[in-house]
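In what follows, a structure is listed as structure tokens, so that the remarks can point back to it.
Residue numbers (the numbering used here), protein chains in the order written: chain A, 257 to 794; chain B, 257 to 794; chain C, 257 to 794.
Structure, rendered in structure tokens:
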């Protein structure tokens with residue numbers, strides 16, 4: 257530690273926080289307080305709940321609000337009968353559980369070799385037992401024997417439940433009963449406040465992703481509920497923990513591998529998985545990591561005992577100043593999507609300190625100079641993307657304002673409530689009818705929600721072909737050309753039409769419409785900001 | 257078994273068939289009968305065979321019809337010389353074979369430990385020997401010594417062949433000589449009949465994929481034979497078995513892993529591989545499966561001896577009511593692509609019973625209630641996609657009928673025989689000339705053949721971002737906006753043109769063309785169904 | 257060897273070179289000569305260097321020209337203190353190095369078992385020591401003890417350096433000091449000359465990829481330097497070796513796996529990674545390779561000691577007539593992109609002999625007949641793609657020549673210097689302003705740079721759905737339809753406009769504009785080749 261301190265000082269002021277805290281001392285959060293807040297701040301159906309009814313599958317995405325036990329199995333089931341019966345009827349679930357830590361507490365308790373990568377679980381088990389004693393769910397000194405079906409689907413320590421009355425699907429608080437530290441850490445994401453109000457308090461984060469889902473206007477308003485529930489399939493982290501720790505292994509080793517993040521963090525709106533995969537970080541993971549690293553060790557030991565020679569999603573995003581936690585927003589800067597309200601404030605201390613924290617993260621392997629240079633390039637590259645997107649935005653908004661979009665006056669149904677019409681809005685990615693959105697609006701929505709985000713994500717995750725070419729910059733420009741073409745065509749056509757008097761669509765345009773110079777200036781026009789694109793920000 | 261029965265009953269009526277048959281008792285199909293039918297129903301060049309000539313590479317895709325031994329190696333080659341020579345000239349093929357079961361029959365025969373995951377192969381070997389005795393290819397009681405080059409590329413048990421005369425590339429029947437049960441199972445796919453004639457008998461399936469290929473109109477008609485043979489590279493399963501059991505390992509363990517399906521089941525028209533990869537099933541496979549599961553065990557033992565904690569392509573699609581077989585169509589419902597003829601008949605017992613069979617499949621790990629809810633949501637979500645696609649279809653067909661497509665009257669070559677012109681047809685995905693197809697037709701073809709299929713496949717394979725956003729729903733709407741824009745523009749333009757008299761393109765349109773209200777109604781217009789989109793259905 | 261010879265002769269004349277040389281005898285290149293040429297031919301900032309200034313991160317992409325040690329750490333650091341300090345401050349880099357061959361030279365030297373897959377490294381170490389003696393960096397008979405931080409970041413064998421003065425980031429020549437054979441092989445790529453001048457000498461290759469980068473017109477000219485440096489993140493192989501041998505493991509085993517190529521060789525302009533992944537080669541790699549192959553063995557032993565049963569990127573592209581080297585261009589034929597200048601010369605001996613060399617490569621596992629048939633089909637399929645692309649090219653160029661592109665006369669800024677305006681040029685993939693490029697030009701640029709390349713790459717890497725459907729042929733046609741539609745519309749509109757006199761855009765068009773027959777002929781028009789598309793060719 258002294259060596260580390262001396263070297264860090266020698267290494268310069270860029271890395272003071274390397275003198276970090278390692279693994280945080282086991283905190284002792286107040287379970288009751290965390291749980292009460294959890295339920296209090298949970299939105300349930302949310303403020304648009306009167307506009308939609310849950311479909312059956314949604315009882316699994318938000319069990320707290322929608323789950324009811326099936327009537328098909330009635331009567332009392334005991335701790336033992338749960339297991340024996342489900343061994344027969346759902347053997348996959350049984351075998352996963354049977355080989356999990358939950359079913360092998362004694363094996364963990366009896367680990368004597370500190371070199372066993374799972375040795376840390378022994379300490380974790382003691383922490384859990386202490387927590388259960390505190391809650392009155394375990395007697396002082398009594399060892400927790402196992403975590404069986406009934407502990408999670410009934411209640412901790414129950415001997416029997418009524419299958420058709422008591423059966424529940426565990427929520428965050430259920431897991432948090434034992435895993436209180438992780439529950440409290442994850443819930444702490446709600447405390448994040450943005451310095452210039454770029455996002456509402458706590459947003460965006462896993463801790464409020466269900467709220468962001470049900471209070472999203474088009475999600476609440478769209479008629480196709482089976483499509484809408486597809487959003488829930490990722491946006492349920494606020495509700496339960498099996499998004500990362502899949503049933504019924506609940507394996508920490510699994511959750512430490514990037515594939516655990518991939519189901520949600522891929523694709524057109526945030527291609528983190530693809531970026532990691534195609535970065536050099538990914539190369540090392542897939543060639544060396546899969547063959548040699550030990551994912552059983554906790555994240556704090558990844559580079560040492562774990563043998564990691566490259567980062568994973570988890571080693572960077574769970575870390576903050578050398579400490580690892582289930583609060584993943586402590587280094588968030590650009591968050592979900594690049595926007596001017598962030599670009600314009602990067603020099604604010606809130607953003608600066610987070611950039612410094614990132615530098616430390618990268619500097620576990622790279623020099624601070626490399627890290628700082630890379631992060632700065634990524635910031636600037638992101639801003640270069642915003643400039644293209646903003647130019648297109650003004651063009652699309654002006655077309656809307658001028659009533660020139662195809663079908664705008666003749667065939668533009670309004671979106672379903674609570675959504676309101678707007679050009680290039682988020683809703684236009686998930687709803688369309690007649691000429692709403694016009695194609696050019698939809699293309700603009702793709703620009704800000706897809707191209708620009710992928711540019712930003714590709715830059716920060718070091719996927720070079722990704723952000724320059726395959727995704728990001730080059731597609732951003734392709735969409736830009738379509739918008740500029742369409743603008744020129746629609747305005748020329750309006751000018752011609754006005755001249756021939758065949759249509760009055762462009763009556764509000766002035767006579768300078770025919771002036772070529774006007775179009776050269778077109779992209780520089782500042783349109784009054786009254787037409788706000790409805791982004792995801794809740 | 258009794259326990260399983262009792263629990264299943266307790267578990268309710270949803271899962272009666274869990275009292276399944278496990279691994280089907282080794283059937284003893286009549287090889288000669290299966291073989292005769294195989295050749296009889298094989299289409300060879302198919303009914304459009306006079307329109308195309310095979311290019312050299314196609315002798316490998318359909319060896320039965322096109323393969324001729326090379327003249328470069330002449331004279332007799334013995335069982336031994338095949339091996340020694342190919343060890344030198346094609347060492348990759350030799351080493352793969354050398355480490356395969358085919359070259360190690362004695363090792364399999366001598367397995368004494370029933371715990372060895374390959375132990376089941378001992379029984380399989382006995383089954384093969386019995387089959388060979390039946391065919392007169394092995395003496396009663398004589399052990400099969402090895403399966404060498406000559407057994408497959410000449411004939412079973414041959415001592416020598418004429419390399420330039422007798423050499424053959426094995427077809428399904430050649431593999432079926434030993435692997436008769438699997439051959440018979442795979443061929444049984446041809447027996448499937450659709451209750452409302454949605455597809456021709458046996459279609460779609462691996463067992464008739466070559467027929468579907470050579471009798472596809474644009475495949476037979478297109479001039480670019482080197483592009484067309486790209487289709488063959490997947491559509492040859494009817495011809496040979498190395499699509500899944502790759503040369504020269506023919507490894508069952510390899511064929512049990514999802515990557516074995518990936519070469520054909522990926523991409524724009526059926527992205528099963530991407531969906532599996534990005535589902536939680538995929539996460540578990542890539543994190544736990546690759547590290548710990550034993551792919552040597554047969555599928556029936558996957559969850560138990562194999563340690564599987566999630567499904568693979570194979571565990572779900574080879575299974576039917578607890579039995580595993582090479583007949584993969586026993587639970588098919590939506591098949592290759594969503595269509596109204598299926599959507600409108602889902603309550604028919606044929607579809608209902610298959611949904612129930614799927615529920616049982618999912619219920620190996622999930623509750624029947626979860627399975628049923630999920631499958632219902634997937635059905636309904638698929639239908640929601642069909643509705644968008646059908647609306648666009650009517651618009652495109654009306655444009656075609658009204659002669660309003662760009663260049664329709666001036667630059668629309670007819671497609672090559674035996675194809676016939678139609679708006680938004682399958683052929684327009686693989687052929688284009690002048691203004692056939694117009695861009696809007698091609699976009700519509702992408703809607704029904706790509707977007708809608710990916711929506712459906714993403715839903716059923718539980719890839720949430722896939723079906724809502726990256727593929728499926730959101731791209732379906734993007735294409736929809738382009739079609740609606742184009743419709744409005746072409747009809748407005750036709751109206752204007754009619755007014756100015758400059759073009760007579762729209763002469764058949766009535767004077768209500770200029771009425772804005774008309775376009776609001778446009779998408780509701782029911783166009784007479786005389787313009788049939790030429791789908792893949794053979 | 258005699259057996260191999262006899263069999264090869266028996267096997268016919270197609271495979272004479274199978275009597276290859278195995279692993280080339282360790283060459284003894286002249287390090288000084290190679291190094292001098294390396295620096296002499298290195299372009300530094302290149303011929304457009306006055307147009308751009310490096311941003312900070314670029315000091316890592318071209319350290320030779322831009323790297324300066326940080327001022328934050330001053331004073332002398334010793335061989336030992338480098339290690340101890342960096343163990344604390346960059347533990348990830350330290351641990352990677354600690355487990356690398358560089359830190360374990362004695363372990364390699366003491367290998368006694370010739371069966372150890374790393375045994376070949378013992379010979380390699382002796383070769384390195386001999387090289388160092390030759391350069392006066394090691395005494396005759398003195399064993400090289402380790403390769404530590406200081407040897408690469410200071411100078412070989414140094415005891416101490418001034419951290420703020422002497423610290424360097426290693427370039428190709430630094431690695432080549434020890435790894436001289438590989439350095440010389442890699443540099444030999446510069447010697448390649450194309451028979452008809454399709455590419456400049458040495459291009460395209462890793463050995464000149466930095467030159468190709470900095471002398472690319474739009475790279476040099478574009479204002480967004482943080483986007484431009486994204487190109488550098490792949491185009492730095494000319495500068496350093498860690499593109500394949502990642503820091504600080506520098507693992508040969510890692511570099512032998514396809515993922516090592518994936519970071520650069522993926523995506524829209526050359527989807528080799530996707531093609532391999534989705535080919536049967538990939539299937540075998542991911543199922544059998546990842547589980548069983550030994551990547552520690554050198555490539556020449558891959559099929560034998562390594563147990564490979566399928567090729568990797570490396571086994572095919574490092575090989576030439578049985579010999580493996582870091583010169584990867586010895587079998588290059590179509591190179592980066594398909595073009596008529598190659599298509600028209602495939603029967604030239606230069607191309608023919610390379611095709612034969614490829615046949616030998618494939619014939620390690622496949623028959624020469626299969627290999628030859630496949631390669632011929634891939635050639636012809638590529639040419640079929642070129643025909644579609646060339647037809648579209650003529651249409652776009654004619655629109656440009658006729659001044660009919662949207663906004664061409666009113667809102668078409670010129671691209672930044674040194675770029676010059678042209679229709680459908682490479683620059684239009686990375687730069688856009690106003691109506692330059694028009695959407696139709698950008699779509700054409702996507703055709704030749706993306707669709708056509710992916711068609712070609714998919715064909716040659718045996719990804720069937722890739723080249724026919726998901727990428728390649730079908731997208732090529734989709735883009736074609738957009739171009740043909742736009743051509744028809746723009747010309748019809750110009751005709752109409754001319755008729756009404758509203759715009760003079762089309763004044764140069766003749767009166768046959770209205771003749772439908774004209775458009776049927778449109779695609780056959782031969783446009784004078786004066787408008788040259790600016791491709792990547794330097």
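Positions of the beta carbon are idealized from the N, C-alpha and C atoms, including for glycine.
Here residue 689(B) carries a strand assignment [DSSP, helix/strand/coil].
Within a 10 Å sphere around the beta-carbon of residue 521(B) sit 16 or more other beta-carbons, which makes this residue buried. Among the residues of chain C, those whose CB is under 8 Å from the CB of residue 520(B) are 720, 721, following chain order. Taking every protein chain shown into account, the CB of residue 451(C) has fewer than 16 other CB atoms within 10 angstroms, so this residue is exposed.
Comparing alpha carbon positions, the residue from 489(C), 474(C), 444(C), 481(C) closest to residue 466(C) is 489(C).
Not a single C-beta of chain A is nearer than 7 Å to the C-beta of residue 317(B). For the region 301–369 of chain A, the full-length alpha helix (DSSP H) segments reaching 4 residues or more read 314–317, 319–322, 335–345, 347–354, 361–365 along the chain. Using beta-carbon distances, residue 405(C) does not count as an interface residue toward chain A, since no partner is under 7 Å. Pairwise C-beta distances place the region 738–750 of chain B in contact with the region 662–672 of chain A, as three or more of them are shorter than 8 Å. Scanning 325(A), 369(A), 413(A), 523(A) for the CA closest to the CA of residue 723(B) turns up 523(A).
Contact of residue 745(A) with chain C is assigned, a C-beta pair being separated by under 7 Å. At a cut-off of 7 Å, the C-beta of residue 382(C) has no neighbouring C-beta in chain A. Here residue 566(C) is near residue 540(C), since their CB atoms are less than 7 Å apart. Shown here for residue 538(C): same chain residues with a beta carbon closer than 6 Å to its own, the five before and five after excluded, namely 532 in chain order. Distance from the CA of residue 325(A) to the CA of residue 387(A), rounded to the nearest whole angstrom, comes to 28 Å. By the C-beta density criterion, residue 713(C) is buried, having at least 16 other C-beta atoms within 10 angstroms.
Per DSSP, residue 416(C) lies in no alpha helix (DSSP H) segment; the continuous beta strand (DSSP E) that holds it begins and ends at 416–418. The region 631–647 of chain C makes contact with the region 594–609 of chain C; the number of CB pairs closer than 8 Å reaches 3 or more. At a cut-off of 7 Å between beta-carbon atoms, residue 439(B) makes no contact with chain A. The C-beta distance from residue 345(C) to residue 416(C) rounds to 18 Å, too long to fall under 8 Å, and the pair is not in contact.
Cβ proximity to chain B below 7 Å picks out 505, 507, 510, 513, 515, 516, 518, 519, 520, 522, 523, 524, 525 from the region 505–535 of chain A. At least 7 Å separates the CB of residue 680(C) from every CB of chain B.
Of the residues 295(B), 321(B), 502(B), the one whose Cα lies closest to the Cα of residue 621(C) is 502(B). DSSP places residue 480(C) outside both helix and strand once states are collapsed to three, so it counts as coil.
Residues of chain A with a Cβ closer than 7 Å to the Cβ of residue 695(C) are, in chain order, 737, 738, 741. At a cut-off of 7 Å between beta-carbon atoms, residue 610(A) makes no contact with chain B.
At a cut-off of 7 Å between beta carbons, residue 428(C) makes no contact with chain A. By the criterion of at least three beta-carbon pairs nearer than 8 Å, the region 438–455 of chain B is not in contact with the region 341–361 of chain B. One alpha carbon belongs to residue 378(C), the other to residue 364(C), and they sit about 6 Å apart. Below 8 Å, too few C-beta pairs join the region 560–576 of chain B and the region 430–438 of chain B to call them touching: fewer than three. In the DSSP assignment, residue 295(A) forms no beta bridge with any residue.
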